Amino acid sequence: MKWIRTFPAQIPPGRSYVVDGMQRALMDGYNYAPVFEQFAEDTVIVEWDLAVSPEDVDRFTGYCLAAPGRVHVAPYRLYPRSTALADPVWAHRQALPAGGGWVSDGEPVCDLFSFGLVYLPVGLVRCYLATRPEATGDAEFSRWHHEHGHGPVPIHWDVRPIHLHY
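Under this note's numbering, the first residue of the sequence shown carries the number 1, and numbering increases by one thereafter.
So, in structure tokens, the structure goes:
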């Protein structure tokens, strides 16, 4: 299993980001398809503006190795600055009610997920790439994942990355 940090080719002005030793996958825009095409093994994606402690890396790795055939996510907050919502929300959603709803504290699983801290099995990613997506963001991938019956996705609440975009 490999850990990578997706990183924009151009950091948006005024944005905080993480500087660490994790391998970077540079992205132009928000298209993950070129990143997925480089996967040679199961991979954990950490986005460029999410800080993760070494203890959380170890804990999340353990969960992924215990159930390697499924997607895993950790919860992190999205703040009004990026969502235009009145209050912070957790980054993952349920498909129902219609249109989906943000997950609440402690919900064990989600249907739709963000790529802030996500484990993706390489076999699943290859199945997705076989659909020949032109562009892929977390919304497109998680919708495909849900619609093709690959979920639900466990949310590991004892792994708590910090989203620096607040």
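Each residue gets a CB set at the ideal place from its N, CA and C atoms; glycine is no exception. Here the structure is a predicted model, which means the values were calculated and not measured.
With 16 other Cβ atoms within 10 Å as the buried cut-off, status of Pro161: That one is buried.
Stretch-stretch touch, CB-based, cutoff 8 Å, three pairs: the region 8 to 16 with the region 122 to 137: Judged by pairs of C-beta atoms under 8 Å, the region 8 to 16 does not touch the region 122 to 137, as fewer than three such pairs exist.
CB-CB length for Leu129 against Phe36, believed under 8 Å: With 8 Å as the limit, Leu129 and Phe36 qualify as a contact, their Cβ atoms being about 6 Å apart.
Boundaries of the alpha helix (DSSP H) in which Ala33 is found, first to last residue: Counting along the chain, the alpha helix (DSSP H) containing Ala33 begins and ends at Ala33 to Phe36.
Alpha carbon of Ala91 to alpha carbon of Asp111, nearest angstrom: Looking at the two C-alpha atoms, the distance is approximately 12 Å.
Contact with chain D by Glu41, beta-carbon distance below 8 Å: The structure shown contains no chain D; it is built from a single protein chain.
Environment of His148 [buried if 16+ CB atoms lie within 10 Å]: Its Cβ having fewer than 16 others within 10 Å, His148 is exposed.
CA-to-CA distance, Arg15 to Pro154, given in whole angstroms: Pro154 and Arg15: Cα-Cα distance of roughly 29 Å.
Chain-order list of residues whose beta-carbon lies under 6 Å from that of Leu78 (same chain, five-residue window excluded): Excluding sequence neighbours, Leu78 sits near Val89 and Ala91.
Endpoints, alpha helix (DSSP H) assigned at Leu112: No alpha helix (DSSP H) holds Leu112; DSSP gives it neither H nor E.
8 Å contact criterion, which Asp49 and Pro68 should meet: CB distance rounded: That belief does not hold up - the Cβ atoms of Asp49 and Pro68 are roughly 27 Å apart, past 8 Å.
Whole-Å CB distance - Val44 paired with Phe60, under 8 Å assumed: With a contact defined as Cβ atoms closer than 8 Å, Val44 and Phe60 qualify at about 7 Å.
Candidates Glu47, Val18 and Met22: closest to Gly29 by CA position: That would be Glu47, whose Cα lies nearest to the Cα of Gly29.
Cβ shell of His163 (< 6 Å), same chain only, five flanking positions each side left out: The answer, listed in chain order, is Leu50, Tyr76 and Arg77.
Secondary structure, alpha helix (DSSP H): runs of 4+ residues fully inside the region 91 to 155: Runs found: 122 to 129 and 138 to 147.
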